[in-house]
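Here the structure comes first, spelled out in structure tokens, and everything after it is commentary.
2 protein chains.
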Amino acid sequence: MKERKFSAAQLQDFCETVFKAIGCSESDAKVATNVLVSADLRGIDSHGVARLAGYVKQWEMKKLNTTPDIRIVHETPSTGTIDGDRGLGLIVAQNAMSVAIQKAQNVGSGWVAVHNSGHFGIAGYHAMMALPHDMIGICLTHASSLSAPTYSLEKLLGTNPIAVAIPADKEAPFVADLATTTAAYGKLQILQRKEQEAPLGWVQDSEGNPSTNPHAPKEGGALTPLGSDDLHGSYKGYCLGATVDILSGVLSGANFGPWVPPFATAGSTSERQPPVGLGTGHFFGAMRIDGFRPAEAFKKDMDLWIQTFRNAKAVPGKRVLIPGEPERMAEAERTENGIPLIGKVQEDLHGLAQQLNIASIFAS
Amino acid sequence: MKERKFSAAQLQDFCETVFKAIGCSESDAKVATNVLVSADLRGIDSHGVARLAGYVKQWEMKKLNTTPDIRIVHETPSTGTIDGDRGLGLIVAQNAMSVAIQKAQNVGSGWVAVHNSGHFGIAGYHAMMALPHDMIGICLTHASSLSAPTYSLEKLLGTNPIAVAIPADKEAPFVADLATTTAAYGKLQILQRKEQEAPLGWVQDSEGNPSTNPHAPKEGGALTPLGSDDLHGSYKGYCLGATVDILSGVLSGANFGPWVPPFATAGSTSERQPPVGLGTGHFFGAMRIDGFRPAEAFKKDMDLWIQTFRNAKAVPGKRVLIPGEPERMAEAERTENGIPLIGKVQEDLHGLAQQLNIASIFAS
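Read top to bottom, the protein sequences are chains A and B.
Residue numbers for the first sequence follow our numbering, beginning at 12 and rising by one.
Residue numbers for the second sequence follow our numbering, beginning at 12 and rising by one.
Written as structure tokens, this is what we have:
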């Protein structure tokens, strides 16, 4: 089946119907859908509707509770831990970020660790929830282990992203959202499908040597931490991925390191036993700008920061991008022209429609 | 003059005398000395007594106030901004971290941005202040611009380090402290002195091409952000360095980006005019572990985390290091055998003694 484009509204309708079919409330289905389709709109295809079948599979395996009782289990005025009750990470994350924002409204900042959650979509989306409140938003999550610390032959860390959203005045906000591995796994999956070689530095083979085999992480190898190798600072990517794992996993009381449960579509569905904590974890933060200085003055300075960087003299034919700019460009283009889905994703979604007995817009 | 070893006590006595000679109080001199000599003990030679002459030079240039009125100028229960009053960054940072810890004691976490400060030594030292309180410590600082964002020909960011300190139970704490550039500038300075080539990927030349010239950043080139090049994720290092700059500079009301003032020993002492904020900035955080879960349970899990990573199967002849372990190994060795100082540093310190009319232990 060949690639075809769909409007955001079409994908939203379909996703909502699927989430409701597996038992989500109307409002939860809407929230989860917005997170997923936003990833597609922003050009992060690996984290959009392509994951829908994975969530449904987790529900089938009874690993996903579609009517969770998400609740604060421990807190201070500026911190807290939330039990996601094995709910959709997409929902749990939005809930946790709301709590962080509420705490920031009360005492200047809010920091929320989460356990018993699952895959939550794109980190940047949750961090961006802080922006309309004139807050800086932070969102971290660990993921199942695909990456080996410097000199390790064992995969102990996930791609463990860091997202930071910072408001500006007239300029669009600064939104950084980055895996702490050299390459996100989604980029490797594209090469796997096309049977193309990976650039040296992205993965190592089962003996720890640099490899161009995009399948290496499934064949005893691993993704490298950001930096690629010791000489180029991979121990820094390892430190960052480790920090994300500890804040998301150890601080929340979730699993951590090699115990982080896999997402259903990531290949393996087996978990390292016995678990050392409760499900998957995340970490969220919100800081009120005016907890530090008046928000208006800050946002005007952010405009100057953004303009200074954007207008920097660049290599001929290139320019300096502001974090978040590539995703905004994709969103403008896809809102206009539609979201392209490859044949495999259309087939998966069509299969879901049949399985759940709902109307398919993906029929071949 | 050849390399010679000195005990920590010898260097401490000398540093304290120097700081007092330029007008610091007894207690400020002690605090500043502890930060500096701790860098030497921990093996980070570029940030120890080698910098002492730089601080004195800033004092001579009337850019350093040795009797600062360091005060909170804006705050909420969990956040605040401190004006360092152009004091020694070493002192201002310890003061700001104390405020963050006090706020965390009160409401679970504390976050402090700082303006009107200067070079503060090693970030990890300040982050580690949180450890005895069963808190996670975070410390960021920007620095004068040496690094070019991905595809930029202009240097817009410093080496902008991130430090995170996390307590464990029986194991030593987790202490990550990393520049967000591929290589710290100190590593390049070592190559400059030895006239050795830099590994490809550390620096770019004045046209943005990879270069092995360790002098490149002073000759129109730049350090690369962590990741080395676009294909290997340098935009992630750029995002991280940018985040550190915004939290340290824009959020605090300090200068930012290319306006961050240079440290006196970094070569140039001229500042981009007119300034866009107040001096150099930093950002500090402290979070009470028991703001999330009981500290004892967390620290036991940290032990398991550390043991799991340390015992991972590794490349033959290598092992997986825990963040902070190399610095602890250096500290044990140097406490035992002394701190080696190269001839150039001994000469600088001897010169300081003559200039300030104090006894020198560095006479040739």
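Glycine included, each C-beta is placed from N, C-alpha and C at the ideal position.
* Going along chain B in order, which residues have a C-beta closer than 7 Å to the C-beta of C250(A)? -> A187, L189 and P334
* Asked: Taking F320(B) as the reference, which of I149(A), D256(A) and A40(A) has the closest Cα?
  -> D256(A)
* Is the distance from the Cβ of F274(B) to the Cβ of S120(B) below 8 Å? -> no
* Would you kindly report the start and end of the unbroken beta strand (DSSP E) that includes C35(B)? => Where C35(B) is concerned, there is no enclosing beta strand (DSSP E), given that its DSSP letter is neither H nor E.
* Leaving out five residues before and five after T92(B) in sequence, what residues of the same chain have Cβ atoms less than 6 Å from its Cβ? -> V84, H85, A124 and S263
* Inter-residue spacing [alpha-carbon to alpha-carbon] between E14(A) and L363(A) -> 18 Å
* To do: Kindly list, in the order they appear in chain B, the residues whose Cβ is closer than 9 Å to that of T92(A).
  => G302, F303 and R304
* Asked: Which residues in chain A sit within 8 Å of V287(B), going by Cβ to Cβ distance?
  -> D312 and L315
* To do: Could you check what DSSP says for V255(A) in three-state terms: helix, strand or coil?
  => helix
* What is the DSSP secondary structure of N220(B), reduced to helix, strand or coil? -> coil
* To do: Could you work out which residues of chain E lie near P228(A), taking near to mean beta carbons separated by less than 7 Å?
  => The structure shown contains no chain E; its protein chains are A and B.
* Output the distance between the C-alpha atoms of A233(A) and A64(B), rounded to the nearest integer angstrom. => 46 Å
* Flag E358(B) as yes if its beta-carbon sits less than 8 Å from any beta-carbon of chain A, otherwise no. => no
* Buried or exposed: L211(B), going by 16 or more other Cβ atoms within 10 Å of its Cβ? -> exposed
* Beta carbon of M146(A) nearer than 8 Å to that of I300(A) -> yes
* Does the segment 179–199 of chain A come close enough to the segment 227–245 of chain A to have 3 or more Cβ pairs within less than 8 Å? -> yes
* At a Cβ cut of 7 Å, what residues of the segment 105–124 of chain A count as close to chain B, listed as they run along the chain? -> V118, G119, S120, W122 and A124
* Asked: How about E344(A): is its Cβ closer than 7 Å to a heavy atom in the ligand SAH?
  -> As for the ligand SAH, it is missing from this structure, which has no ligand bound.
* Which residue from G349(A), E307(A), N266(A) and A176(A) puts its Cα closest to that of F309(B)? -> N266(A)
* Which whole-angstrom value is the C-beta distance of V214(A) and A227(A), which I expect to be below 8 Å? -> 4 Å
* Give the interface partners of F295(B) over in chain A, defined as CB-CB distance under 7 Å, in chain order. => Within chain A, no residue comes near F295(B); the closest Cβ sits about 12 Å away, beyond 7 Å.
* To do: Can you say whether R53(B) is buried or exposed, counting buried as having 16 or more other CB atoms within 10 angstroms of its CB?
  => buried
* Residue of F294(A), V103(A) and Y249(A) minimising C-alpha distance to L157(A) -> Y249(A)
* To do: Report the rounded CA-to-CA distance for M140(B) versus V186(B), giving the unit in angstroms.
  => 11 Å
* Asked: Is the distance from the Cβ of F131(A) to the Cβ of H293(A) below 8 Å?
  -> yes
* Who are the Cβ neighbours of H137(B) in its own chain at under 6 Å, not counting the five residues just before and after it? -> A104, M108 and C150
* **G292(A) - DSSP class collapsed to helix/strand/coil** => strand
* Asked: For T92(B), which three-state DSSP category applies?
  -> strand
* To do: State the DSSP-derived secondary structure class of N127(B), mapped to helix, strand or coil.
  => strand
* At a CB-CB cut-off below 7 Å, which residues of chain B make contact with H85(A)? -> F303 and R304
* Taking Cβ positions only, does K41(B) come closer than 8 Å to chain A? -> no
* Per-residue contacts from G290(A) into chain B (C-beta, under 7 Å) -> Near G290(A) there are no residues of chain B at all, since even the closest Cβ is about 15 Å away, more than 7 Å.
* Asked: Thinking C-beta only, is L142(B) closer than 8 Å to P178(B)?
  -> yes
* Asked: Is the CB-CB distance between A174(B) and A111(B) below 8 Å?
  -> no
* Unbroken beta strand (DSSP E) run spanning K311(B), endpoints -> That residue, K311(B), is in no beta strand (DSSP E); its alpha helix (DSSP H) goes A306 to R321.
* Short check: CB of G395(A) to CB of S57(A), under 8 Å? -> Given that chain A is displayed from residue 12 to residue 375, the structure contains no residue 395(A) and the question cannot be resolved.
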